[in-house]
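Student:
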Amino acid sequence: MKSISFAIVVFCALTIAQQTRSSEILVIFPTTAQSHYRVVRPLIHSLLDRGHKVLAITNFPDAVERANLSHIDISGLKPHSKFKTSNNGIIKSLKRVIGNANTYATILNHPTVAKLLQSRQKFDLVIAEFFTPTPIFAPIATVVDAPIVGFCPMITFPWINEVMGMETTMSYMPSLLSNSTDRMSFFQRIYNTVKSLFIEIAFNWMNTPMVRQINKNHYGIQTESVIKTMANLSMIMTNNYHSMFLPFPKLPGIVEVGGIHVVDEKPVPQDLNDFINGAEHGVVLFSLGSVVSEASLAADKLNNILDAFSKLKQRVIMKFDVEKYKIQLPVNVKVVKWFPQRDLLALPKVLLFISHAGMMSTIETIHCGKPMVAIPIFGDQMFNTNLLVEKQVAVAIEYKHLERLLGHLFVVLHFQLFVPVKTPISL
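For reference, each letter of the sequence shown is one residue, going -22 to -1, 1 to 405 in mature numbering (1 follows the signal peptide of the UniProt record, and there is no 0).
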């Protein structure tokens, strides 16, 4: 009887093995923000591990070669421009988005990309970044005769629902660029609705003519609007999760994958490890992420930050480029141009993270169970900050009030006037 059962198992395994095949997958992720590409990279490698072949159009080709992975390196087309620490209003942010879209359009003229489109090579699936570039690259799915999946490296934008066929309810779904959560007063709801409508109208008004021209010139198609250009998306993955952020109504075609980029921690570099082990009272981390221009930080603001650090018993590790500034660092501060953020946050001696509250930093901080002092600069960072403050795992300070930083640090480190995260959240 056992031999018969074993034979059935072997037969089923061989049958399944014969039916499986590797798929040809085109990944289009033209972002110049390395933190955004870090979110999709684990997905790419999971596909590779399962035997699929991937062609990635990216600014960040993998350093380690894999037999079933190939790249079209577009890093020379668009230099990585960072946001400044001031003057990041709605209009300026929208103009920057449209400017990025125009630059992304030049990717279609890249010799290798143009050759790929002209060859009409077939793929089984297209995965495209769902952000500024989406309307520009969505029609490629028709060219390569494949379904397309969007991947949004940030939280669920309101227009994601519209792309998938559901209207956004602005009365209780806060705008990405708002200072609100889902708990709004009547007047906050009115303001949120007006602001959301303004952003939607401005985005379409500024974006639609450019998208129409690109679609006509490169794909030979006519489109009425940006939303209709993206209507062929089969699914959209978003870098959020309802238990961390806000529970929004969503259609089955929207899949939350927040935390997909968080991997098991690795040993930290020896110099950082020695610095941390020598910290009798613990360590504070400081980073403004990869898309905020540290060079735009005013000298007086940097002095505010360093002055606050000098008064702490804790040691501080700053991810910061200080070459522009002629400064003397406090004895308890170590400055590096890069550090393994996720690995450091997992260490017991790391007590606090001072961050811009970008999406990847927010998720890693929640995952590792560490409190945050948030200094939001632009985009979704204020939105993320407000959610963390509401959940009582962070305190916020405006960039223009960095002279108050020391008080905020004392609140978190000593008085703990918030609910501490006692257990790291497994995503």
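Even for Gly, the Cβ is constructed at its ideal location relative to N, Cα and C.
Does DSSP classify Ala324 as helix, strand or coil?
Tutor: Note: Ala324 maps to coil in three-state DSSP.
Student: Would the beta-carbon of Ile214 fall within 7 Å of that of Phe108?
Tutor: With contacts defined by Cβ atoms closer than 7 Å, Ile214 and Phe108 form a contacting pair.
Student: Rounded to whole angstroms, what's the CA-CA distance from Lys315 to Leu266? Just pull it up for me.
Tutor: Lys315 and Leu266 have their alpha carbons spaced roughly 11 Å apart.
Student: What first and last residue would you give for the alpha helix (DSSP H) that runs through Ala119?
Tutor: Ile118 to Val121
Student: Go ahead and label Gln319 buried or exposed: buried means 16 or more other beta carbons lie within 10 angstroms of its beta carbon, across all protein chains shown.
Tutor: Buried.
Student: Could you give the residue range of the beta strand (DSSP E) that holds Met162?
Tutor: Neither: Met162 is in no beta strand (DSSP E) and is coded neither H nor E.
Student: When we look at the beta-carbon of Pro326 and count the other beta-carbons within 10 Å, is it buried (16 or more) or exposed?
Tutor: exposed
Student: Pull the bridge partners of Ser265 from the DSSP assignment, please.
Tutor: Lys297 and Ser333
Student: Could you say which of Glu381, Ser174, Gly231 and Met350 lies nearest to Met142 if we only look at CA atoms?
Tutor: Minimum Cα-Cα distance from Met142 among the listed residues Glu381, Ser174, Gly231 and Met350 corresponds to Gly231.
Student: Going by beta carbon distance, what residues of the same chain come within less than 8 Å of Val241, once the five residues before and after it are set aside?
Tutor: Excluding the 5 residues flanking it on each side, Val241 has same chain C-beta neighbours closer than 8 Å at Pro20 and Arg320, in chain order.
Student: When the Cβ atoms of the stretch 91 to 99 are set against those of the stretch 175 to 193, are three or more pairs found closer than 8 Å?
Tutor: no
Student: How many angstroms separate the CA atom of Asn210 from the CA atom of Val189?
Tutor: 15 Å
Student: So what does DSSP say about Met260, is it helix, strand or coil?
Tutor: Note that residue 260 corresponds to Gly in the displayed sequence, not to Met. Coil.
Student: Using three-state DSSP, classify Met188 as helix, strand or coil.
Tutor: helix
Student: Which term fits residue 412, buried or exposed, when burial requires 16 or more other beta carbons within 10 angstroms of its beta carbon?
Tutor: There is simply no residue 412 to check, as the chain begins at -22 and stops at 405 in what is shown.
Student: Assuming Leu330 and Val262 form a contact by the criterion Cβ under 8 Å, report the distance between their Cβ atoms to the nearest whole angstrom.
Tutor: 5 Å
Student: Does the stretch 178 to 188 come close enough to the stretch 160 to 167 that 3 or more CB-CB pairs lie under 8 Å?
Tutor: no
Student: Between the alpha carbons of Ser212 and Leu4, how many angstroms are there, rounded?
Tutor: 15 Å
Student: Just to confirm the assignment, what range does the beta strand (DSSP E) spanning Ala34 have?
Tutor: Lys31 to Thr36
Student: Please report how far the alpha carbon of Ile295 lies from the alpha carbon of Ala83, in whole angstroms.
Tutor: 39 Å
Student: Using a C-beta cutoff of 7 Å, does Thr216 count as contacting chain C?
Tutor: Annotation note: the requested chain C is absent from the structure, which comprises a single protein chain.
Student: At the level of alpha carbons, what is the spacing between Tyr303 and Ser268?
Tutor: 19 Å
Student: In angstroms, rounded to a whole number, what distance separates the CA positions of residue 408 and Leu380?
Tutor: An answer regarding residue 408 cannot be provided, because it is not within the stretch -22 to 405 covered by the chain.
Student: Taking Met360 as part of the alpha helix (DSSP H), name the residues at either end of that continuous run.
Tutor: Gln359 to Glu368
Student: Anyone know if the C-beta pair for Ser48 and Gly29 falls short of 7 Å?
Tutor: no
Student: Reducing DSSP to helix, strand and coil, say where Lys173 ends up.
Tutor: helix
Student: Going by Cα to Cα distance, which pick from Ala45, Phe7, Leu26 and Gly336 is closest to Ile52?
Tutor: Phe7
Student: Can you tell me whether Gly128 is helix, strand or coil according to DSSP?
Tutor: Strand, per DSSP.
Student: Just curious, the alpha helix (DSSP H) that Ile254 is in, first and last residue?
Tutor: Gln248 to Asn255
Student: Check each candidate in Pro245, Leu275, Asp299 and Gly336 and name the one with the smallest Cα separation from Leu322.
Tutor: Pro245
Student: State the DSSP-derived secondary structure class of Phe312, mapped to helix, strand or coil.
Tutor: Sequence inspection shows Lys at residue 312; the Phe mentioned does not correspond to that position. Strand at Lys312.
Student: Compute the Euclidean distance between the alpha carbons of Pro225 and Val367, then round it to the nearest angstrom.
Tutor: 17 Å
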